[in-house]
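If you use mature numbering (1 follows the signal peptide of the UniProt record, and there is no 0), the sequence shown corresponds to residues -19 to -1, 1 to 123, in order. Just so you know, even glycine gets a beta-carbon here, dropped at the ideal spot from N, CA and C. Only one structure is covered here, and it is reproduced in the block below.
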Amino acid sequence: MRYLLVLIMAAALAIPAHAAEKAAPAGESQSIASPAPHKAKPQHEKGQGMTNLHEVDTVAKALKAPDKSPVMIVGNIVEKVDGKKNHYVVDDGTGRMTVVIGTKTLKGTELTPDMKVRLMGKVKAKQGKAPVVGVRALHLVK
């Protein structure tokens, strides 16, 4: 008797779901409310391809960019910051900025002053501190 009751309840729940699936055309999802404007992510973070992916392409723009903005800077390594393991100063002609390059990103590459590099990453802007770039990819430029 219990098994029969369970089967009837399962069928009762499955029929409306199956009918709703048939009602919506293939490839179209049912309307879902969009998120509140203050919770919506910027367009470049929603997988919009390569369009405007790196809006920040100079140190001057990176210093003014909001937190988590994607960055691609081509510049010279000026110096390694004393007392900091993975911190370097980069100059691209528009200004100087500290970048953080992790050991996995370096992959054993020895960075020296006056080395020209292409850095890709995100701005880390904290209240009361100078912004830095967290580097995700590093390419040597000849």
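1. Say the cut is 7 Å; is the CB of MET(-19) nearer than that to a heavy atom of the ligand GTP?
2. In the DSSP assignment, find the alpha helix (DSSP H) that holds LEU44 and state where it starts and stops.
3. Taking a contact to mean a Cβ-Cβ separation below 8 Å, would you say VAL122 touches LYS88 in this structure?
4. With DSSP run on the structure shown, which of helix, strand or coil describes LEU87?
5. According to the Cβ coordinates, are ALA111 and THR79 closer than 8 Å?
6. Taking the DSSP output, what are the residues bridged to ASN67?
7. With 16 as the cutoff for other CB atoms within 10 Å, does GLY56 come out buried or exposed?
8. If I measure Cβ to Cβ from VAL59 and keep anything under 7 Å in the same chain, skipping five residues before and after, which residues do I get?
9. Enumerate in chain order the residues of its own chain whose CB-to-CB distance from ALA(-8) is below 7 Å, with the five nearest sequence positions on each side excluded.
10. Take the Cβ of ALA43 as the centre, count every other Cβ of all protein chains shown within 10 Å, and call the residue buried at 16 or more, exposed below.
11. Would you mind reading off the limits of the beta strand (DSSP E) that contains LYS123?
A quick look at the data gives this:
1. Because no ligand of any kind appears in the structure shown, any question about the ligand GTP cannot be addressed here.
2. Judged by DSSP secondary structure, LEU44 falls within the alpha helix (DSSP H) whose first and last residues are 40 to 45.
3. No, Cβ-Cβ distance for VAL122 and LYS88 is not below 8 Å.
4. Under the three-state reduction of DSSP, LEU87 is assigned to helix.
5. Closer than 8 Å, so yes.
6. The partner list for ASN67 (beta bridge, DSSP) is empty, contrary to what the question assumes.
7. Flag for GLY56 reads buried.
8. Here the set comprises VAL70, VAL71, ASP72, ARG77, PRO94.
9. Cβ within range, chain order: n/a, list empty.
10. Under this definition ALA43 is a buried residue.
11. It is not in any beta strand (DSSP E) - LYS123 carries neither H nor E in the DSSP assignment.
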